[in-house]
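Student: Heads up: the sequence shown begins at 3 in this note's numbering, then just goes up one per residue.
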Amino acid sequence: MEQTGIKAFLKRKNVNITVQTYLIDALGAMAFGLFASLLIGTIFATIGDKTQIQAFIVIADYAKSATGAALGVAIAYALKAPQLVLFSAATVGIAGNALGGPVGALVSTIIATELGKIVSKETRVDILVTPGVTIISGVLMAQFVGPGVAKFMDAFGMMVKTATEMQPFFMGILVSALVGIALTLPISSAAICIALSLDGLAGGAATAGCCAQMIGFAVLSFRENGVGGLLAQGLGTSMLQMGNIVKNPKIWLAPTLASMITGPVATVVFKMTNIPAGAGMGTCGLVGPIGVYTSMGGGSSMWLGILLVCFLLPAVLTAVFGAVFRKIGWIKEGDLKLDL
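1) Straight-line CA distance for A92 to T125?
2) Tell me whether N99 sits in a helix, a strand or coil according to DSSP, three-state version.
3) Report the CB separation of M283 from L41 in whole angstroms; it is logged as a contact under 8 Å.
4) Which residue comes first and which comes last in the alpha helix (DSSP H) that contains R328?
5) Quickly, what does DSSP pair N227 with across the bridge? List them, please.
6) Flag this pair as touching only if the stretch 197-204 and the stretch 167-174 have three or more C-beta atom pairs under 8 Å; answer yes or no.
7) Can you give the Cα-Cα distance for G95 and A47, rounded to whole angstroms?
8) Given that a residue counts as buried once 16 or more other Cβ atoms are within 10 Å of its Cβ, and exposed if not, what is A10?
9) Would you report the Cα separation of A38 and G148, rounded to the nearest angstrom?
10) Put M3 into one of helix, strand or coil per three-state DSSP.
11) Label M274 either buried or exposed according to how many other C-beta atoms from any shown protein chain fall within 10 Å of its C-beta, with 16 as the threshold for buried.
12) By a C-beta neighbour count over all protein chains shown, 10 Å radius and 16 as the cutoff for buried, is G290 buried or exposed?
13) Thinking C-beta only, is A62 closer than 8 Å to A31?
14) Helix, strand or coil for L340? Go by DSSP, reduced to three states.
15) Taking the C-alpha atoms as reference points, what is the distance between L12 and K123?
16) Taking G106 and A144 to be in contact with their CB atoms under 8 Å, please state how far apart those CB atoms are, rounded to whole angstroms.
17) Hey, out of C286, I292, I330, P316, whose CA is closest to F34's CA?
18) Exposed or buried, which one is T296 when buried takes at least 16 other CB atoms within 10 Å?
19) What are the boundary residues of the alpha helix (DSSP H) that Q145 is part of?
20) Grab the span of the alpha helix (DSSP H) containing I19 for me, first residue to last.
21) Can you give the beta carbon distance from I260 to F323, rounded, assuming they're within the 8 Å contact cut?
22) Once DSSP output is grouped into helix, strand and coil, what is the label at N276?
23) Taking the alpha helix (DSSP H) that P257 falls in, what are its first and last residues?
24) So does the stretch 82-91 actually touch the stretch 107-123, counting three or more Cβ pairs closer than 8 Å?
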């Protein structure tokens, strides 16, 4: 088959081999799969543990056990998989997550989904061929890459956590800024933190950065977007501002600078820790603060840390930086307007 023929065939099968497809669309979709399983399960587990209501604990166990399947379906959905491929991706996600964590699920599901799309409706026994190709290729890929991916992500995550323990001030700045930026980008900071098993002080710094972006943009854009924008960004996602950031990258400076202050406040002053499932979520659904509570277990210092690091400092610092940038013309009226 000629190259033009291959391109036409892949286009007909809706196979788009691009960075946008695999590292933005698919990775971004992982956040929805994680939230619908592991993250909501973590919230229920915390509620059940603190209230001793057994029903929440049981629900949490089932939700967490569905993580792999939820990841597989979410990724396949982002790749616009046909029905048989989409449903088969649940099995692939389970295998990928079990053998290689979220990144293992990502790699194996992408390969399986694209191969499934290629063979979909190409034979008279599609009901057998499509799920067969999808599941076999996905499970084999999970077995092939999963263990190596898991070891690499664990080692890299351990390096970040160890460095943060040794240099909490400087690593607090770095981790907070980078994970916060990842949260606002159209990728999944939650998936990154879970894949790296980012807990402890590094998890606390990541939480600080994510909260700075969400609360920061919510406050910074209040004059343009009002209460609706405040809630959509403060409890939803700062990713809503990505289109405006592309138009004027300078609007990103205020919350990012705020994160570089709140990060070391979290690591040095309050010694804030978090669990991987909460580290990359910020104030989205209050998962970040709930994760801090799950990790630290309470205490006046913890509550003060959550109040300051997750809410007050991001709001105040971003407002101050934003006022300066508006005054010097880096942020103009309407630069932060959202179509809500």
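Don't be surprised by glycine CBs; every beta carbon is placed ideally from N, CA and C.
Predicted model only: the values in this text are computed from it and were never measured.
Tutor: Per the coordinate set shown:
1) One-based indexing of the sequence shown puts residue 92 at position 90. One-based indexing of the sequence shown puts residue 125 at position 123. Approximately 23 Å between the Cα atoms of the pair.
2) Numbered from its first residue, the sequence shown carries residue 99 at position 97. The answer is helix: DSSP assigns N99 an H, G or I state.
3) For the purposes of this step, residue 283 is taken as residue 281 along the sequence shown, with counting starting at 1. For the purposes of this step, residue 41 is taken as residue 39 along the sequence shown, with counting starting at 1. Right, their Cβ atoms sit about 7 Å apart.
4) Counting from 1 along the sequence shown, the entry for residue 328 is found at position 326. Run containing R328: 315-329, per the alpha helix (DSSP H) assignment.
5) Indexing the sequence shown from 1 puts residue 227 at position 225. DSSP, once it has assigned bridges, lists no residue as partnering N227.
6) yes
7) As a first step, residue 95 must be located in the sequence shown, where it is residue number 93. As a first step, residue 47 must be located in the sequence shown, where it is residue number 45. Using only the alpha carbons, I get a separation of about 23 Å.
8) The count along the sequence shown starts at 1 and reaches residue 10 at position 8. The residue in question, A10, is exposed, as its Cβ has fewer than 16 Cβ neighbours within 10 Å.
9) Sequence index remark: in the sequence shown, residue 38 carries index 36 (1-based). Sequence index remark: in the sequence shown, residue 148 carries index 146 (1-based). Each residue's alpha carbon lies about 23 Å from the other.
10) What you label residue 3 is simply residue 1 of the sequence shown in a count that begins at 1. Since pLDDT at M3 reaches only 44, below the 50 mark, its modelled position is unreliable, and the value read off the structure follows with that caveat. In this structure, M3 counts as coil in the three-state DSSP scheme.
11) Working through the sequence shown from its first residue, we reach residue 274 at position 272. Buried, because 16 or more other Cβ atoms sit within 10 Å of the Cβ of M274.
12) Counting from 1 along the sequence shown, the entry for residue 290 is found at position 288. Answer is buried; the Cβ neighbour count reaches 16.
13) One-based indexing of the sequence shown puts residue 31 at position 29. One-based indexing of the sequence shown puts residue 62 at position 60. Not in contact: A31 and A62 (Cβ atoms no closer than 8 Å).
14) As a first step, residue 340 is located in the sequence shown; it is residue number 338 there, counting from the start. L340: coil per DSSP, three-state reduction.
15) On the sequence shown, residue 12 is found 10 positions in, with the first residue counted as 1. On the sequence shown, residue 123 is found 121 positions in, with the first residue counted as 1. Cα to Cα, the separation comes out at about 14 Å.
16) Here residue 106 is taken as the residue at index 104 of the sequence shown, counted from 1. Here residue 144 is taken as the residue at index 142 of the sequence shown, counted from 1. Confirmed, Cβ separation roughly 6 Å.
17) Working through the sequence shown from its first residue, we reach residue 34 at position 32. Per the Cα distances, C286.
18) Counting from 1 along the sequence shown, the entry for residue 296 is found at position 294. T296 should be labelled buried.
19) Along the sequence shown, one-based indexing puts residue 145 at 143. Start and end: 128-168.
20) Taking the first residue of the sequence shown as 1, we reach residue 19 at position 17. Counting along the chain, I19 falls outside any alpha helix (DSSP H), and DSSP gives it neither H nor E.
21) Taking the sequence shown and counting its residues from 1, the one referred to as residue 260 is at position 258. Taking the sequence shown and counting its residues from 1, the one referred to as residue 323 is at position 321. Looking at the sequence provided, one finds Ala at residue 260 rather than Ile. Their Cβ separation, rounded to whole angstroms, is 7 Å, which keeps A260 and F323 in contact under 8 Å.
22) In the sequence shown, residue 276 corresponds to position 274, counting from 1. In this structure, N276 counts as strand in the three-state DSSP scheme.
23) Numbered from 1 along the sequence shown, position 255 holds the residue referred to as residue 257. Here the alpha helix (DSSP H) through P257 covers 255-266.
24) yes
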